[in-house]
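Everything on this sheet refers to the single structure shown next.
Numbering (this note's numbering), first residue to last: 16 to 123.
Here it is as structure tokens:
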């Protein structure tokens with residue numbers, strides 16, 4: 016009688032441990048998939064914006080001026096790429112004065 020109860024206990028304990036390990040494995044796979052998905056989105060936006068910035072960089076010095084920046088923010092493909100990763104484009108446009116503060120000679 017005790018042998019049957021012991022075998023039942025061992026069976027239930029084994030199934031419980033296996034279930035916990037499967038749960039941990041599923042959590043790890045979900046976390047890795049989330050990180051990979053975010054990395055792919057960032058790389059997609061980066062490549063798209065690099066193409067737009069190279070096309071808009073008029074003086075070809077590798078940096079953009081405030082005028083070139085506002086041109087980027089009016090480019091439809093750039094706006095779509097930024098929206099895809101959750102960037103607030105109207106908010107970014109409002110911060111253009113702050114971003115280019117030194118360029119206008121108002122900064123330090």
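Beta carbons: idealized from backbone N, C-alpha and C, even for Gly. Given the structure is predicted, the values throughout are model-derived calculations rather than measurements.
query, result
"Among the residues of its own chain, which have a CB less than 6 Å from the CB of residue 56, if the five just before and after it don't count?", "100"
"For the alpha helix (DSSP H) that contains residue 95, what are its first and last residues?", "91-99"
"Under 8 Å, with one C-beta from each stretch per pair, do the segment 43-50 and the segment 74-91 reach the 3-pair mark?", "no"
"Which residue from 90, 17, 44 puts its Cα closest to that of residue 65?", "90"
"Whole angstroms are fine: how far does the CA of residue 34 sit from the CA of residue 19?", "22 Å"
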